[in-house]
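Undergrad:
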Amino acid sequence: MATAPRHFLQFNDFSREEFDYLFERTRWIKDKFKRYQPYHPLFDRTLVMIFEKASTRTRLSFEAGMFQLGGSAIYLNTRDSQLGRGEPVEDAAQVMSRMSDVVMIRTFEQGIVERFAANSRVPVINGLTNEYHPCQIMADIYTWIEQRGPIQGKTVAWIGDSNNVCNTWLQAAEVLDFNVRVSTPPGYEVEPERANLYGTGHFEQFADPMEAARGADLITTDVWTSMGFEAENEARIKAFADWQVDADMMRVANRGALFMHCLPAHRGEEVSAEVIDGPQSVVWEEAENRLHAQKALLEYLVMGRVDGK
Ligand code: CP
Ligand code: NVA
98 MATAPRHFLQ FNDFSREEFD YLFERTRWIK DKFKRYQPYH PLFDRTLVMI
148 FEKASTRTRL SFEAGMFQLG GSAIYLNTRD SQLGRGEPVE DAAQVMSRMS
198 DVVMIRTFEQ GIVERFAANS RVPVINGLTN EYHPCQIMAD IYTWIEQRGP
248 IQGKTVAWIG DSNNVCNTWL QAAEVLDFNV RVSTPPGYEV EPERANLYGT
298 GHFEQFADPM EAARGADLIT TDVWTSMGFE AENEARIKAF ADWQVDADMM
348 RVANRGALFM HCLPAHRGEE VSAEVIDGPQ SVVWEEAENR LHAQKALLEY
398 LVMGRVDGK
C-alpha cells in the first residue's frame, strides 16, 4: 500500500520549516520563470481543478502554473460534471485521483475537501472554502517577505469580515509566529472556538478599527460579503460602513506599512480607491505571487522536496 499523500487543506497542515522551504522554492521558481528559463518538473502530470464557486485568480494561477511546470490542468465545475448531479464526493475522489496527480477544489463547506482528501490517492489542495483560503495566505506572506523580509514578530491588522481569509491569517500567525489584530462590526467577530484553536497568543480583537490599525505593519481586508453569503449583502453593507480601509487608517499604521487585499475588491466599500491604488498597496504583486507560490506548492506535493534535504 502506498503511503498516504500530503494535502494542503488548511494553512496549519504544514510546519514553519515547510513554509520556509516553500517560500525559498517560490523565490527560485519565480526567478527562473522571469529569466525565461524553462523548468518542467511536472511533465506528463495532471492537475484536476474542481470549482463550485466563481474564480478568476485561483483558476488562472493554477492552470497557468501547471502548464509552466510542464504539466496539464483540467477544469471541472458542478454544472457540467456529475458532481452537480449528486455523485458522492467520495466516489468522485476515487475516480479523479486515479486519473490525475494532484487535485485542487474550491467549494463551500470545509468538510467537502476533507471528505475528498480522505478518499484521494493524490494530494488535494484547498482552493477556498467557506472556512479557509490557504493558498491566498501563502502568496500574501511570500509577498510580504519579498517586499519587507521575515514576517516573524510583525503585526497584521485585519479590518472587516472575519471570513475564510481572516481565519487563514489567524492560522498563519500561529504557524509563523506573528500577530494578527482583527476588527469587525459587532456580530461579525471571529468565532471564539476558532480564536482558541488558531489564534492563541497571536491574536487580539478590537471593537475600533482604528485601534486595530494603529502601529500595524500590514493592513489587509476583503469583501464584506463572501461568495455563498449574498443573501446577507444589504445588511452587511449597513453593518460594515465604518470598517473601510482608508487613508486615515493607513496613517495610523507604521511608517512603510503595506496594504493587501486578496481581490476582487470593491472600491468605496471595504477599501477606498486612494488606498488600493496608492503607493502602499501591493495588491498586484500579491495576485501575481499566487502563480509562483502555487507552483512551489504543486512541485512539493507532487514531487516532494527537491533540495536534497
Ligand atoms: N483571491 C482569489 O482567490 O481570487 P479568485 O476568487 O478570483 O480566484
Ligand atoms: N472571502 C472571499 C474571498 C474571495 C477570493 C470569498 O469567499 O468570496
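In this text, residue positions in the sequence shown follow the numbering used here: the first is 98, and each later residue adds one.
Virtual Cβ for every residue (Gly too), placed ideally from N, Cα, C.
From a predicted model like this one, the values you see are computed outputs, not experimental measurements.
#1: Using 7 Å as the cut-off, classify the Cβ of M324 as near or not near the heavy atoms of the ligand NVA, replying yes or no.
#2: Would you call the segment 110-124 and the segment 165-174 touching, i.e. three or more CB-CB distances under 8 Å?
#3: May I have the straight-line CA-CA distance separating Y285 from T322, to the nearest angstrom?
#4: Once DSSP output is grouped into helix, strand and coil, what is the label at F116?
#5: Using a 10 Å radius around the Cβ and a threshold of 16 neighbouring Cβ atoms, would you call A362 buried or exposed?
#6: Taking 8 Å as the cut-off, does the segment 246-258 touch the segment 309-326 (at least 3 CB pairs, one atom from each stretch)?
#7: Does any heavy atom of the ligand NAP sit closer than 7 Å to the C-beta of L267?
#8: If I follow the unbroken beta strand (DSSP E) through Y172, where does it start and stop?
#9: Taking 7 Å as the cut-off, is the beta-carbon of C263 closer than that to any non-hydrogen atom of the ligand CP?
#10: In angstroms, rounded to a whole number, what distance separates the CA positions of T252 and M324?
#11: Under DSSP, the alpha helix (DSSP H) around M196 begins and ends at which residues?
#12: How do the segment 267-275 and the segment 244-251 stand: do at least 3 beta-carbon pairs fall below 8 Å, yes or no?
#13: Taking the alpha helix (DSSP H) that I256 belongs to, which residues open and close that run?
#14: Beta carbon of F164, beta carbon of M201: below 8 Å?
#15: How would you label W266, buried or exposed, when you count the other beta carbons within 10 angstroms and need 16 or more for buried?
#16: Check whether the segment 204-219 touches the segment 181-191, taking contact to mean three or more Cβ pairs, one atom from each stretch, closer than 8 Å.
#17: Looking only at its own chain, which residues have a Cβ that is under 6 Å from the Cβ of N386, when we skip the five neighbours before and after it?
#18: Which of the three DSSP states, helix, strand or coil, is assigned to T226?
#19: Under the criterion of a Cβ to heavy atom distance below 7 Å, does C359 qualify as lining the ligand NVA?
#20: When we look at the beta-carbon of P306 and count the other beta-carbons within 10 Å, is it buried (16 or more) or exposed?
#21: Between the segment 223-237 and the segment 333-352, can you find at least three pairs of beta-carbon atoms closer than 8 Å?
#22: What residue from T204, D198 and K129 has the CA that sits closest to V186's CA?
#23: Considering only residues of the same chain and omitting the five flanking positions on each side of G312, which have a CB-CB separation below 8 Å?
#24: With C-beta atoms as the reference, is L355 less than 8 Å away from R245?
#25: At what residue ranges does the segment 312-391 contain a whole run of the beta strand (DSSP E), taking only runs of 3 or more?
#26: Does the distance between the C-beta of Q63 and the nearest non-hydrogen atom of the ligand CP fall short of 7 Å?
#27: What are the start and end residues of the beta strand (DSSP E) that includes S280?
#28: Does the ligand CP have a heavy atom nearer than 7 Å to the CB of Q233?
#29: Going by alpha carbons, who is nearest to L157 out of L388, M347 and P376?
#30: When the Cα atoms are used, what is the spatial distance from K406 to W125?
#31: Under a three-way DSSP split, which group does F409 fall into?
TA: The structure says:
#1: yes
#2: no
#3: Approximately 11 Å between the Cα atoms of the pair.
#4: Annotated three-state conformation of F116 is helix, per DSSP.
#5: buried
#6: yes
#7: The ligand NAP is not among the ligands present in this structure, which contains only the ligand CP and the ligand NVA.
#8: For Y172, the uninterrupted beta strand (DSSP E) run begins and ends at S169 to N174, by DSSP.
#9: no
#10: 27 Å
#11: For M196, there is no enclosing alpha helix (DSSP H), since its DSSP letter is neither H nor E.
#12: yes
#13: Note, I256: premise wrong, no alpha helix (DSSP H); beta strand (DSSP E) at T252 to I256.
#14: no
#15: buried
#16: yes
#17: A236, Y239 and T240
#18: coil
#19: yes
#20: Residue environment analysis places P306 among the buried positions, since at least 16 neighbouring C-beta atoms fall within 10 angstroms of its C-beta.
#21: In short, these stretches do not touch, since the Cβ pair count stays below three.
#22: T204
#23: So the list reads T252, V349, A350 and N351, once near-sequence residues are dropped.
#24: Between L355 and R245, the C-beta spacing is below 8 Å.
#25: Listed in chain order, they are 315-318 and 355-358.
#26: No information on residue 63 is available, as it lies outside the stretch 98 to 406 that the chain covers here.
#27: Looking at the DSSP string, the run of the beta strand (DSSP E) that includes S280 is N276 to S280.
#28: yes
#29: L388
#30: 16 Å
#31: Since the first and last residues shown for the chain are 98 and 406, residue 409 lies out of range.
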